[in-house]
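Quick notes on the structure that follows.
Residue numbers (the working numbering): 52 to 485.
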């Protein structure tokens, strides 16, 4: 097999431009977790604004290439971040940084009237606008000094890069003199394509009409989306209000239930206190009668029984107490009664069931009387005892108590004498042996 390749001879040289001339840009970049870029043309018009979490350095460069050619890369902080500096070097762009970090108030003032989605886009847009404001005065002077027929953006770009205006005009003039000769060569070729151009123009017009219709439809859809989003926000707000209301109602209901329980408890306590007051009033009325003495009833001679009596009607100094059962008594309850200072304790059988109880009450100084001697009559928590029989029983107990104390003192003295005699005998024996 043999392959031969040969070129096709044309009548004239054809020039096919690779692409349109890119626009010069003033770019602001806000790096970070969310990267934002803003691109302005040299007249301050916003061409591109976006932000993304997935945008890296290559993504930023690709996005800017699609918009134009960055001439100035700007940052909103005094020291340009390293990532922004790398992007600037990739485009060989002029760096712009403010004299000090831009305040939030200044950013809001610069970006007023521009749409942005978040603070990152706001920072990038403010950096680009700040750079444009700094070059704006120079751009106005160049407009006045550049003659007609020159590419104003190219002149401004070269001046910003540091070239003198006169040299820029000379260079551009040389380019414009070569351009007509090239156009003269390509004119015949273009003439042959006029018919196709007219056909394509018609197609372009029809496509533009179709695009306009689609844009109107998109606007209608966007309006419907905004309307539905507003309606959805309203529904969410009403739902949040209802949820908050239900939570508050549930909280109030719980408080009401707790207060009802507390009220029932207080009512029960009030009824208990009313009964207690009634018993105390009855006991006080009985105390007024001089023929009989009131007696408070203790169900058991234990600390628990004493606690119940104290909570029920109370017990005070000088009162007479009747105990129904003495089983399970202990020394601590005898000390408690002595501490209260009761006048006497009446038992059903005067402690005959336990010989130790007499000794404990003798030591505590509490008269221990029998129901038979006092003639006590018990009804529920209260009772009555004839005054004369109680006084007689107390007198008999006092006589026995005096004899008990006398015998106790005699025993104590006798014990002391025996101890002294024993110690003295030890000393005498010790002296005789020495």
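Backbone N, C-alpha and C define an ideal beta-carbon position, used for all residues, glycine too.
Being a predicted model, the structure only gives us computed values, none of them experimental.
Looking only at DSSP bridge pairs, what is residue i linked to?
i: residue 355; result: DSSP lists no partner for residue 355.
i: residue 430; result: 433
i: residue 81; result: 87
i: residue 395; result: 371
i: residue 101; result: 88
i: residue 345; result: 435
i: residue 421; result: 398
i: residue 75; result: 120
Work out the CA separation of residue j and residue i for me, nearest whole Å.
i: residue 388; j: residue 305; result: 46 angstroms
i: residue 432; j: residue 350; result: 9 angstroms
i: residue 382; j: residue 313; result: 39 angstroms
i: residue 204; j: residue 145; result: 15 angstroms
i: residue 72; j: residue 293; result: 59 angstroms
i: residue 150; j: residue 170; result: 21 angstroms
i: residue 402; j: residue 386; result: Below a pLDDT of 50, predicted positions are generally treated as unreliable, and residue 402, at 47, falls in that range; no measurement from the model is reported.
i: residue 289; j: residue 278; result: 17 angstroms
i: residue 168; j: residue 159; result: 13 angstroms
i: residue 136; j: residue 267; result: 42 angstroms
i: residue 272; j: residue 262; result: 15 angstroms
i: residue 121; j: residue 129; result: 20 angstroms
i: residue 426; j: residue 467; result: 43 angstroms
i: residue 430; j: residue 464; result: 47 angstroms
i: residue 264; j: residue 252; result: 18 angstroms
i: residue 395; j: residue 456; result: 18 angstroms
i: residue 360; j: residue 324; result: 13 angstroms
i: residue 481; j: residue 472; result: 14 angstroms
i: residue 99; j: residue 138; result: 17 angstroms
i: residue 390; j: residue 477; result: 44 angstroms
i: residue 286; j: residue 260; result: 39 angstroms
i: residue 179; j: residue 77; result: 6 angstroms
i: residue 411; j: residue 437; result: 26 angstroms
i: residue 215; j: residue 124; result: 21 angstroms
i: residue 365; j: residue 442; result: 23 angstroms
i: residue 300; j: residue 275; result: 37 angstroms
i: residue 384; j: residue 479; result: 49 angstroms
i: residue 470; j: residue 462; result: 12 angstroms
i: residue 327; j: residue 320; result: 10 angstroms
i: residue 450; j: residue 458; result: 12 angstroms
i: residue 192; j: residue 269; result: 42 angstroms
i: residue 154; j: residue 217; result: 39 angstroms
i: residue 106; j: residue 281; result: 31 angstroms
i: residue 255; j: residue 249; result: 10 angstroms
Are the beta-carbon atoms of residue i and residue j separated by less than 8 angstroms?
i: residue 174; j: residue 87; result: yes
i: residue 424; j: residue 453; result: no
i: residue 80; j: residue 118; result: no
i: residue 420; j: residue 448; result: yes
i: residue 172; j: residue 126; result: no
i: residue 176; j: residue 114; result: no
i: residue 197; j: residue 206; result: yes
i: residue 97; j: residue 75; result: no
i: residue 416; j: residue 346; result: no
i: residue 371; j: residue 408; result: no
i: residue 55; j: residue 85; result: no
i: residue 377; j: residue 357; result: no
i: residue 210; j: residue 221; result: no
i: residue 422; j: residue 399; result: yes
Can you tell which of the options has its C-alpha closest to the C-alpha of residue i?
i: residue 322; options: 213, 356, 363 and 285; result: 363
i: residue 439; options: 343, 398 and 449; result: 343
i: residue 4; options: 221, 368, 171 and 192; result: Only positions 52 to 485 of the chain appear in the structure, and residue 4 is not among them; the question remains open.
i: residue 223; options: 210, 201 and 214; result: 201
i: residue 165; options: 95, 473 and 290; result: 95
i: residue 133; options: 218, 162 and 148; result: 148
i: residue 91; options: 437, 187 and 131; result: 187
i: residue 460; options: 446, 414, 434 and 418; result: 414
i: residue 83; options: 217, 131 and 93; result: 131
i: residue 375; options: 348, 192 and 257; result: 348
i: residue 418; options: 320, 357 and 373; result: 373
i: residue 141; options: 248, 219 and 116; result: 116
Kindly provide the ranges of any beta strand (DSSP E) runs that are 3 or more residues long and lie completely inside the region 112–173, ordered along the chain. If we require 3 residues or more, the beta strand (DSSP E) runs fully inside the region 112–173 come out as 120–125 and 145–147.
Ignoring anything shorter than 4 residues or poking outside the region 242–288, list the alpha helix (DSSP H) runs there in chain order. none
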